[in-house]
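Participant: Sharing a structure with you now.
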Amino acid sequence: MFLLSLGSICLVLALWFGFNVKAKQKNFASLRELTPNVQDGQYVFNASGCAGCHRNPVGTDRLELSGGVVLKTEYGEFYVPNVSMSIENGIGAWSLNDFANALRLGVSPKNQHYYPSFPYTSYNKIKDQDLVDLWAYWQNLPAVEVQNIDHDLSLPYNFREGLGIWKKMFLKNDLVGSDEEKRGRYLVEALGHCAECHTSRNILGGLKIDNWMKGGENPSELGTVPNLLETVKRWSNEEMEEYLASGFTPDFDVVGGHMVEVIESTRLLSYDDRVAIYNYFKALIND
Ligand code: HEC
Ligand code: HEC
Numbered sequence: 003m004f005l006l007s008l009g010s011i012c013l014v015l016a017l018w019f020g021f022n023v024k025a026k027q028k029n030f031a032s033l034r035e036l037t038p039n040v041q042d043g044q045y046v047f048n049a050s051g052c053a054g055c056h057r058n059p060v061g062t063d064r065l066e067l068s069g070g071v072v073l074k075t076e077y078g079e080f081y082v083p084n085v086s087m088s089i090e091n092g093i094g095a096w097s098l099n100d101f102a103n104a105l106r107l108g109v110s111p112k113n114q115h116y117y118p119s120f121p122y123t124s125y126n127k128i129k130d131q132d133l134v135d136l137w138a139y140w141q142n143l144p145a146v147e148v149q150n151i152d153h154d155l156s157l158p159y160n161f162r163e164g165l166g167i168w169k170k171m172f173l174k175n176d177l178v179g180s181d182e183e184k185r186g187r188y189l190v191e192a193l194g195h196c197a198e199c200h201t202s203r204n205i206l207g208g209l210k211i212d213n214w215m216k217g218g219e220n221p222s223e224l225g226t227v228p229n230l231l232e233t234v235k236r237w238s239n240e241e242m243e244e245y246l247a248s249g250f251t252p253d254f255d256v257v258g259g260h261m262v263e264v265i266e267s268t269r270l271l272s273y274d275d276r277v278a279i280y281n282y283f284k285a286l287i288n289d
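So for the sequence shown, the numbering used here puts the first residue at 3; every next one is plus one.
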């Protein structure tokens, strides 16, 4: 066991410092040709659960994107940043292109890599129109003047440079679910980023595609995350829809842990979209 973990540590260090893949913004010029729709952007915002992480942990308004929530992981503690429209403390000075680079490539306006604790590994699959609409909506959100707190990470993870090779290995555009459940697949795999918690990870922190949605250790809390392939065997369409709308399970239990924030967004989706999510999981077990 000791040798195994020593081996993994060497591997991680070799990868982290051995390959330096620089972050560089791209120009997503074609996005500017689309006409933004603020109302649709609000729906994308809800479906993506951005507020679940970026909201003010002490406030009650989920549109106050002050940051400050702490994500405790085995790499250290991530302090979710302020992404409100504040020029000084948030992303108020950003362009649509900056926003697209963050979500699609995990690259900042200063050409640095973002940590995948910001789940751009899912959001990179966002559709062009949805991205443009989301940004249009975002710009109407309030500016909140709260300063960011630096992450508290252990070596070597406190160096962002190593993320380049990680992204080469794990930042993919591939979709896993069936083509027949397109809407559900988009809601689950891109916007809802459900796999980020419900799929276990390898020693390098990449999602194990073989274990897609089969749950496992909780990445940022104690305990485990349920296997959703088992859940859809037990729960009917109506039961899952009810859970995603209200947080109540079929046996009158109430949702807990980080799933609480997820329900905050799925409850705002349309009935049809919650059913599409169920159908997506159902199709996974029927494959
Ligand atoms: C699971 C928690 C989580 C969710 C959900 C999440 N984020 Fe983040 N986000 C983070 C973390 C953590 C960082 C900091 C990453 C870093 O420092 O590299 C971040 C960083 C960012 C940044 C960069 C901020 C800066 O100052 O450079 C932007 C922009 C952003 N997120 C937008 C979004 C959007 C848009 C959504 C929804 C589509 C979203 N986030 C959902 C955790 C999250
Ligand atoms: C931030 C981590 C996280 C994300 C993202 C997440 N979940 Fe969960 N989920 C959990 C946790 C933790 C639980 C266990 C909740 C509990 O103990 O009450 C859970 C429970 C569930 C359950 C109940 C399963 C059962 O058998 O009791 C369903 C259904 C579910 N999630 C669906 C989803 C869907 C659909 C998405 C994407 C829209 C999603 N989850 C995204 C963490 C997450």
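In this text, a Cβ means the ideal position worked out from N, Cα and C, and glycines have one as well.
Since we're looking at a predicted model, the values are computed, not measured.
For residue 131 and residue 74, I'd like the C-alpha separation in whole angstroms.
Facilitator: Walking along the sequence shown from the start, residue 131 turns up at place 129. Walking along the sequence shown from the start, residue 74 turns up at place 72. Between residue 131 and residue 74, the C-alpha separation is close to 33 angstroms.
Participant: Residue 250 by DSSP, collapsed to three states: which one?
Facilitator: For the purposes of this step, residue 250 is taken as the residue at position 248 of the sequence shown. Residue 250 falls in the strand class under three-state DSSP.
Participant: Between which residues of its own chain and residue 269 is the CB-CB distance below 8 angstroms, once the five residues before and five after are set aside?
Facilitator: Indexing the sequence shown from 1 puts residue 269 at position 267. Excluding sequence neighbours, residue 269 sits near 246, 247, 248 and 249.
Participant: For a test of your reading of the model: does the CB of residue 139 fall under 6 angstroms from any non-hydrogen atom of ligand 1? Yes or no.
Facilitator: For this step, residue 139 is matched to residue 137 along the sequence shown. Flag unset: Cβ of residue 139 not near ligand 1.
Participant: Can we count residue 198 as close to ligand 2, meaning its CB is less than 6 angstroms from some heavy atom?
Facilitator: Counted from its first residue, the sequence shown places residue 198 at position 196. Within the cutoff, so yes.
Participant: Grab me the residues of residue 110's own chain with a C-beta within less than 7 angstroms of its C-beta, minus the 5 sequence neighbours each way, in chain order.
Facilitator: On the sequence shown, position 108 is the one that residue 110 refers to. Answer for residue 110: 104 and 116, listed in chain order.
Participant: Which residues share a DSSP beta bridge with residue 155?
Facilitator: On the sequence shown, position 153 is the one that residue 155 refers to. Partner(s): 78.
Participant: Return the CA-CA distance between residue 177 and residue 126, expressed in angstroms with no decimal places.
Facilitator: In the sequence shown, the residue the question calls residue 177 occupies position 175. In the sequence shown, the residue the question calls residue 126 occupies position 124. For residue 177 and residue 126, the distance between alpha carbons rounds to 11 angstroms.
Participant: Using CA atoms only, rank isn't needed, just tell me which of 195, 265 and 278 is closest to residue 234.
Facilitator: Here residue 234 is taken as the residue at index 232 of the sequence shown, counted from 1. Out of 195, 265 and 278, 278 has the C-alpha closest to the C-alpha of residue 234.
Participant: Cβ atoms of residue 139 and residue 30: under 7 angstroms apart, would you say?
Facilitator: By one-based count along the sequence shown, residue 30 stands at place 28. By one-based count along the sequence shown, residue 139 stands at place 137. Against a cut-off of 7 angstroms, the Cβ pair of residue 139 and residue 30 comes out as no contact.
Participant: Taking the alpha-carbon of residue 203 as reference, which of 153, 69, 181 and 220 has the nearest alpha-carbon?
Facilitator: Position 201 of the sequence shown holds residue 203. Among 153, 69, 181 and 220, the Cα nearest to that of residue 203 belongs to 220.
Participant: In chain order, which continuous runs of the alpha helix (DSSP H) of length 4 or greater are located wholly inside the stretch 106-182?
Facilitator: Qualifying alpha helix (DSSP H) stretches, in chain order: 122-125, 130-140 and 165-172.
Participant: Taking the alpha-carbon positions, what's the residue 50 to residue 196 distance?
Facilitator: As a first step, residue 50 is located in the sequence shown; it is residue number 48 there, counting from the start. As a first step, residue 196 is located in the sequence shown; it is residue number 194 there, counting from the start. Roughly 10 angstroms between the two C-alpha positions.
Participant: In the DSSP output, which residue or residues are listed as bridge partners for residue 203?
Facilitator: Sequence index remark: in the sequence shown, residue 203 carries index 201 (1-based). Its beta-bridge partners are 209.
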